[in-house]
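Visitor: Be aware that the sequence shown starts at -2, since it is given in our numbering, and climbs by one per residue.
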Amino acid sequence: MELKSSLNILIGLDLSEMDSILVSYAREIVQWLPVQKIVYLHNIKINELPGNLTSQDKIETLSRKVNNKLQQLVKELAPTGLPFEIVTRRAAFTELAFEETVKQHKIDLVILGNKQQLEGSGGINQKLARMLNCAVLLVPETFRGVPRKILLAVDFSRYTTGILQWGRLIEQLNMQHAGFKITPLYISKLAYHFFPFFSNEDVEQSYKIDMQEKQKKWRQHFAQYPKLEIIPAGDKNIASALMDYADQHRYDLLVLGVKGSSSLTTLFMGSVANELIQVETNICFLFVKGK
-2 MELKSSLNIL IGLDLSEMDS ILVSYAREIV QWLPVQKIVY LHNIKINELP GNLTSQDKIE
58 TLSRKVNNKL QQLVKELAPT GLPFEIVTRR AAFTELAFEE TVKQHKIDLV ILGNKQQLEG
118 SGGINQKLAR MLNCAVLLVP ETFRGVPRKI LLAVDFSRYT TGILQWGRLI EQLNMQHAGF
178 KITPLYISKL AYHFFPFFSN EDVEQSYKID MQEKQKKWRQ HFAQYPKLEI IPAGDKNIAS
238 ALMDYADQHR YDLLVLGVKG SSSLTTLFMG SVANELIQVE TNICFLFVKG K
């Protein structure tokens, strides 16, 4: 799926402290991505309201007050001069509210809060990342401003093209900035639990072969992109190796693929993406979908 030159973005709000951070983040996003319109979404879960507050008139009053609160927040903190819309839905499941809004507004990117110190389980993030038919950006309240160092987690799967397309889009708008850097990275991972049965020389040779094969594949299919960095995972899982590299080199944004579909019955999410969502971090995660 080709990326558009100008993006429709949805920001999910939950009436918590995270809302002001995400609305303020809209000012950051327009500095490093081409934005056409921003939709701010909140879902009122009617089934969680006390019985005496579920009459039609009380729900209408609640919706109006929520909308007014969000209007004021956007007026105070959001970027000016950019088209926006505030959407308040009343779906029994928040996932459905997002899915319907993404489809209706032709959303290209959903932005969610990845709460670190603030209260929140992150469960909705996992569900939305796997089921929405668009990219999902998770932003921690501890983010470090406009990203200048971008790490592309390449795995040569069907997600790789999408990852590189996002990298190219970001690069086109930001390459003129001092300190901007974009790095494709492949983590070479072998079945480590078998290593004790082989000599160090055999293990090192296996890594060497894998890394040479991936460099060759990169030159054959992706020569127009920056040089591919490759590191061995060793005894770490891929998520840990990625985070160690990103933290050590102070990357601001990690772009990677995620398994998912638009079906509510899809229960599996890529293990690397799933593990990263659980990590305490200052880094933003951009999960993209494959072809």
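Ideal Cβ placement from N, Cα and C applies to all residues, glycine included.
Considering only residues of the same chain and omitting the five flanking positions on each side of Glu14, which have a CB-CB separation below 7 Å?
Guide: Result list for Glu14: Leu115, in chain order.
Visitor: So, with DSSP's three-state summary, where would you put Phe95?
Guide: Helix at Phe95.
Visitor: Anyone know if the C-beta pair for Ile170 and Leu161 falls short of 8 Å?
Guide: The sequence given here places Leu at residue 170; Ile does not occur at that position. Cβ distance not < 8 Å, so Leu170 and Leu161 don't count as in contact.
Visitor: Please give the ranges of any beta strand (DSSP E) in the stretch 202 to 262, keeping only runs that are unbroken, at least 3 residues long and fully inside the region.
Guide: Complete beta strand (DSSP E) runs here, min 3: 226 to 229, 250 to 254.
Visitor: Which partner residues does Ile147 have in the DSSP bridge list?
Guide: Its beta-bridge partners are Ile179, Leu250.
Visitor: Beta strand (DSSP E) containing Ala6: first to last residue?
Guide: A small fix is needed here, since residue 6 is Ile in this sequence, not Ala. First-last of the beta strand (DSSP E) with Ile6: 4 to 9.
Visitor: Can you give, in chain order, each stretch of the alpha helix (DSSP H) that sits fully within the stretch 59 to 137 and has at least 4 residues?
Guide: Listed in chain order, they are 91 to 101, 120 to 128.
Visitor: By the three-class DSSP mapping on this structure, what secondary structure does Ile35 have?
Guide: DSSP places Ile35 in strand when its eight states are reduced to three.
Visitor: Thinking Ala126 and Val252 are a contact (beta carbons under 8 Å), I'd like their distance in whole angstroms, please.
Guide: That pair is no contact at about 13 Å.
Visitor: Counting C-beta neighbours from all protein chains within 10 Å, is the total for Ser185 16 or more, i.e. buried, or is it exposed?
Guide: The residue in question, Ser185, is buried, as its Cβ has 16 or more Cβ neighbours within 10 Å.
Visitor: Indicate the three-state DSSP secondary structure (helix, strand or coil) for Asn40 in the structure shown.
Guide: Reduced to three states, the DSSP call for Asn40 is strand.
Visitor: Relative to the alpha-carbon of Ile104, which residue among Gly9, Ile18, Asn197, Leu273 has its alpha-carbon at the smallest distance?
Guide: Taking only the C-alpha atoms, the option nearest Ile104 is Gly9.
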